Structure formats: C-alpha cells, structure tokens
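For the sequence shown, the UniProt record's numbering assigns the number 1 to the initial residue and increments by one for each residue that follows.
Take a look at the structure below.
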Amino acid sequence: MNHDGEHLTLVWFRDDLRVDDHEALTAARTEGRAIGLWIRESRGENGLGPRQLGGAARWWTHESLRVLETELARLGIPLLFAAGSAADIVPQAAADLKVDAVRWSRRYAPAARRLDEQIKTDLAEAGREVHSHTGALLVEPWTVSPQGGDFYKVFTPYFNAVRDRSVGDVLPAPQKQNSLTKADRQTLDWHSWVRDLNGLGLLDGTDTGSDSFASARTPQWWRTTVAEHWNPGCREAARELADLSEGVDGYADSHDVPADPDSTSGLSPRLRFGELSPRQLLAAALNLPELSDDDRHAWIRQLYWREFSWHLTYHLPHVESEPVRPEFARFPYEDDPEALRHWHDGTTGIPLVDAGMAQLWQTGWMHNRVRMAAASFLTKNLLIPWWHGEQWFWDTLVDADEANNPVSWQWVAGCGADAAPYFRIFNPERQRERFDPNSEYVSRWLGHGPGGVSQAERSHGVCEPIVDLKASREAALAAYDRMKSEA
Ligand code: FAD
Numbered sequence: 001m002n003h004d005g006e007h008l009t010l011v012w013f014r015d016d017l018r019v020d021d022h023e024a025l026t027a028a029r030t031e032g033r034a035i036g037l038w039i040r041e042s043r044g045e046n047g048l049g050p051r052q053l054g055g056a057a058r059w060w061t062h063e064s065l066r067v068l069e070t071e072l073a074r075l076g077i078p079l080l081f082a083a084g085s086a087a088d089i090v091p092q093a094a095a096d097l098k099v100d101a102v103r104w105s106r107r108y109a110p111a112a113r114r115l116d117e118q119i120k121t122d123l124a125e126a127g128r129e130v131h132s133h134t135g136a137l138l139v140e141p142w143t144v145s146p147q148g149g150d151f152y153k154v155f156t157p158y159f160n161a162v163r164d165r166s167v168g169d170v171l172p173a174p175q176k177q178n179s180l181t182k183a184d185r186q187t188l189d190w191h192s193w194v195r196d197l198n199g200l201g202l203l204d205g206t207d208t209g210s211d212s213f214a215s216a217r218t219p220q221w222w223r224t225t226v227a228e229h230w231n232p233g234c235r236e237a238a239r240e241l242a243d244l245s246e247g248v249d250g251y252a253d254s255h256d257v258p259a260d261p262d263s264t265s266g267l268s269p270r271l272r273f274g275e276l277s278p279r280q281l282l283a284a285a286l287n288l289p290e291l292s293d294d295d296r297h298a299w300i301r302q303l304y305w306r307e308f309s310w311h312l313t314y315h316l317p318h319v320e321s322e323p324v325r326p327e328f329a330r331f332p333y334e335d336d337p338e339a340l341r342h343w344h345d346g347t348t349g350i351p352l353v354d355a356g357m358a359q360l361w362q363t364g365w366m367h368n369r370v371r372m373a374a375a376s377f378l379t380k381n382l383l384i385p386w387w388h389g390e391q392w393f394w395d396t397l398v399d400a401d402e403a404n405n406p407v408s409w410q411w412v413a414g415c416g417a418d419a420a421p422y423f424r425i426f427n428p429e430r431q432r433e434r435f436d437p438n439s440e441y442v443s444r445w446l447g448h449g450p451g452g453v454s455q456a457e458r459s460h461g462v463c464e465p466i467v468d469l470k471a472s473r474e475a476a477l478a479a480y481d482r483m484k485s486e487a
C-alpha cells in the first residue's frame, strides 16, 4: 500500500499511446490509482530492447506523447518521461515511487520481449507485483500453432485458424482518479533519468545510431512537411475511427487505387503507436451497418495480415536482417550506392516508383500498391538488397513497424514466409497503367521526392530510366537461377 493506503500502480506505456481500450490502465484503476511512465529506450549492450525509432517515427512519437500526457492529465494521471535503459529505469522507478504494482501492454519482437522478461523477474525478485496485458494484437502469437508445427508460415491457414476467435469487448477509458497526495507528487521528480517531453530529444535528430540521409534531415523536415498531413495522438485517432466507413466503404474494389485518399483507411500509424487498438478497429468494422460484407471482410482480412506479420516476427528472431528462406542468404545482390540514391531521391525515371518515393518523403506514408511496386523495383530490377529499402522505409514511414516492414519487404523480395514466387516481378509501368490509368497519382507526386526533378524536367529527358525494365527483369531471373543452382 502506498502513502495514503491506496493501491498505486506504475503503468509503463510503450506502443500503446491511448487511454481507451487499455487493459493495463483499466486494471491499475480498478485496484487504485495509476502513474504513467514512458521511456525513450536505448538498446543495451546485450542487444535487448525495441528497435531504435526512425526519423518520422520519432516525430510522431513526440506529438503522440504530448496528446497522451493531456488525456491522462484529464483523468488525474501523471505521465513521467525518462530516457535510458529500461532495465535500470523501471525497477528503480517502482522502488522510488513506492508503487505496489507495475503493469504494461505486452510487446512481441523477440529482443524487446527478452528485455521485458528480465525486468519482470527483477521486479518480482524485489517483491513487487508485475502484470503484462494484451494490447497490441488480437491474437497473441503463442496461442495458435498448426498441427505438427511451431508456427504458421502461410497466411490463409493462419487466418482460418484465428478469424472467428473472440477478442473480448472494447474497454472504455477509466474514471478520473483523485489527485495524488503531496508525498506522491514529491516523489514524481524522482531521478536524474526523468525529463520533460522536450528533454527526451525525440525531435533533435541526433543520437539515432543511423547516419542515413533521412535521419540527418529529421528535425526540420518531419516537423514541417510531414506534419501538414497528419495529426498524431489518440484524440484525433478516435475521430478517425468514428469516420472509418470513409476508408472502408468500397474497399474490396478500390483498395488498390493509390490516387484515391479514401481507398484505404490510413490508420496504420494509429495502430503502429497504439493510439487505437486492433480490437477497436475490428469492433468498429463489425458494427458499421452501411458496409457491404465484401468490403467489411476484405478490410478485416488486412488487419489479420498485420497479426500474421507479428506472428512471424515473434517466432523469427532476426526477421529484420535475415531471410526467412535461408537459401536467399546466397542471393547475388549488387552493391550500387548510386542506384540506391536514385531510388531514395525518386529519380529512377520510372514514374510510379518516383511518385511513390515522393509521396513517402512528403507525407511519411505510401499507398500499399505503390510500396509493392517500389520495393520490387529496388530488389529485383536494381538487385539491391531488400534490407537497404527496409531501412529507408524504417526511417521515413510514420507507420514504420517492427513486424510489418521487414516481413513485407521479405514478401516482395521473394525470401519471406508465404512470399510471392520470385519470378512474379512487378512491372511498374503495367502497374501504373492498371492502377493509375489517368496518371492522377503520378502527376500529383512526381517531382516532389528528395531529388526534386520536376515533371517538366523529366519530359526534357532529365530523368531517364536508370535501368531497362525488360533487361533488368531478365537479369533478376538469371540471378535467381544462379542462387538455386548453387544449392
Ligand atoms: P488499410 O488498407 O486500411 O488496412 C488496415 C490495416 O491493416 C493497416 O493499417 C495495417 O495495419 C493492416 N494492413 C493492411 N495491409 C497490410 C499488409 N499488406 N500487411 C500487413 N498489414 C497490413 N505496414 C505497416 O503498418 N508498417 C510498415 O512499416 C509497413 N511497411 C511495408 C513495406 C512494404 C514494402 C510493403 C509492401 C508493405 C508495408 N506495409 C506496412 C503494409 C501496408 O502497406 C500498410 O499497412 C498499409 O499501406 C497501411 O495503409 P492503411 O492503414 O490505409 O491500410
């Protein structure tokens, strides 16, 4: 029991920046009062912890935390910020704040899970109650496995096994709590790790451990240009959820039209940072009377693709760097920094790819159809290793996700679980004709990438294709054959 005899819980927020449908927060408030904590974590020397945030995600996190702090304050719950090693900070915070319990929503990437297990053990050994909760997924990865196997490697049987599972009811935000006592308030300023939000340095563009171009431009770029397209935080997320039908109505037929901003929901960053839970999304889609069954089911199926990515990531510890299909470790990729730079800059001379890279640079997001075309072009027409593209997406996407990003890259590159067969090489020109027949998408974005070659300059031949699509396709197939013959 805490100072005034009321049960006090430290809720450690991570990728769950919301107050609705938050099991850990609700449990804390059912027992007594809560204090929130968010840590800008650095991966320890042992490699444990979450992947370091990319540039766009750092900006999003900063903004989302600002909103969370306000929303929690409305409920009488303080939110503390700290920076450093969670293995040191969480047990120390629990001791110094004299909390009775620590709670958090579970995370599923192997290196982060191992850290959480270690912290759980340390807290329990110190005699503290510690509980983890479901929050980021509908289906926890260890709760489903195929007969005779550890985990699913193919989506459809996975989906069939989990699609009808009950996921429980969406929880409302907890009731407002009484203000903390004077003694509690004094202990809040508890350690040299404690910062205010600005002190976390999320907008500084420094100490990312990455020397990439995108990271170098972090502060000025993401705060201005990308900020015009998004309003991070759980409050706006709730408003978008209320308008879900805009992005889901017609989904079955039109989800592949990149020019139409309502062809998909645009909710991926909300899920990535847990501003909305997948359970809220599922419940909303099931309860929209105006949706056709086709649209509803097509969209819900995509939610389960995200679940499947996490299922794989949980079971495959190195999905961000090692191919799921081991034979691809021998794939003869090429080291071509100049071609990679053209791809980053949106100056490959292939309109759909360049428009997609520009949309990404300007907004921190790219339509799924174009993500596939841009990734296929990099890994197959340019033969550049998929992890270079994955890293660029990681730095520039506002929805950069530890599971969806590497798993999708591996899927496109042909080395992932349930990947498209290697020889299915997207032709970005055919894709443009099919999905952007009036060049609406391409006209909107072309010339707005980091390389900034305008449409007028292009039509004067400034940006000729850097490869011949047909010849490079054949080279990719030959490289694939070489890899197979070396088995
Ligand atoms: P909607 O079509 O409205 O779908 C709803 C939700 O379902 C999405 O928010 C997302 O969480 C999930 N979803 C949809 N499509 C997929 C898919 N193909 N795979 C997994 N989940 C899906 N998604 C990310 O969230 N983060 C990433 O870092 C990411 N990187 C990608 C990289 C590549 C190379 C490719 C091809 C795809 C990547 N995706 C990633 C998947 C997909 O492109 C995005 O989830 C989608 O574009 C998000 O837009 P939306 O929210 O409007 O999706």
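In this text, a Cβ means the ideal position worked out from N, Cα and C, and glycines have one as well.
All values reported here derive from a predicted model rather than from experimental measurement.
Check	Outcome
Please return the same chain residues whose Cβ sits closer than 7 Å to the Cβ of residue 315, not counting the five positions on each side in sequence.	141, 150 and 151
Could you give the DSSP three-state label for residue 371: helix, strand or coil?	helix
Going by the DSSP bridge assignment, what does residue 129 pair with across the sheet?	101
From residue 482 to residue 332, what distance separates their C-alpha atoms?	8 Å
Using 8 Å for Cβ pairs, my map puts residue 369 next to residue 435. What's the rounded Cβ distance?	5 Å
DSSP three-state call for residue 195: helix, strand or coil?	strand
Inspect the beta-carbon positions of residue 397 and residue 361 and report whether they are closer than 8 Å.	no
Alpha helix (DSSP H) containing residue 300: first to last residue?	293-315
Please return the same chain residues whose Cβ sits closer than 8 Å to the Cβ of residue 328, not counting the five positions on each side in sequence.	413, 414, 415 and 483
Cβ of residue 13 within 7 Å of any heavy atom in ligand 1?	no
Scan the segment 375-420 and note each continuous alpha helix (DSSP H) run of 4 residues or more that stays entirely inside, going in chain order.	386-396 and 404-413
Using a Cβ-Cβ cut-off of 7 Å (strictly less than) and excluding sequence neighbours within five positions of residue 146, which residues of its own chain qualify?	152 and 157
At a Cβ threshold of 8 Å, is residue 367 touching chain D?	Absent from the structure: chain D. Only one protein chain is present.
Would you kindly work out how many angstroms separate the C-alpha atoms of residue 474 and residue 464, rounded to a whole number?	20 Å
Do residue 305 and ligand 1 come close, with the Cβ less than 7 Å from some heavy atom?	yes
What are the boundary residues of the beta strand (DSSP E) that includes residue 446?	No beta strand (DSSP E) holds residue 446; DSSP gives it neither H nor E.
How should residue 338 be labelled, buried or exposed, when 16 other C-beta atoms within 10 angstroms of its C-beta is the threshold for buried?	exposed
How big is the Cα-Cα spacing for residue 444 and residue 249?	24 Å
Rounded to whole angstroms, what is the Cα-Cα separation between residue 313 and residue 138?	15 Å
Cβ of residue 409 within 7 Å of any heavy atom in ligand 1?	yes
Tell me the rounded alpha-carbon separation between residue 17 and residue 259.	30 Å
Go ahead and label residue 330 buried or exposed: buried means 16 or more other beta carbons lie within 10 angstroms of its beta carbon, across all protein chains shown.	exposed
Looking at residue 91: is its Cβ nearer than 8 Å to the Cβ of residue 65?	no
Does DSSP put residue 13 in a helix, a strand or coil?	strand
I need the DSSP call for residue 435, collapsed to helix, strand or coil.	helix
Does the distance from the CB of residue 449 to the CB of residue 349 come in under 8 Å?	no
Helix, strand or coil: which one does DSSP assign to residue 39?	strand
Leaving out five residues on either side along the sequence, give the residues of the same chain with a beta carbon under 6 Å from the beta carbon of residue 255.	263 and 264
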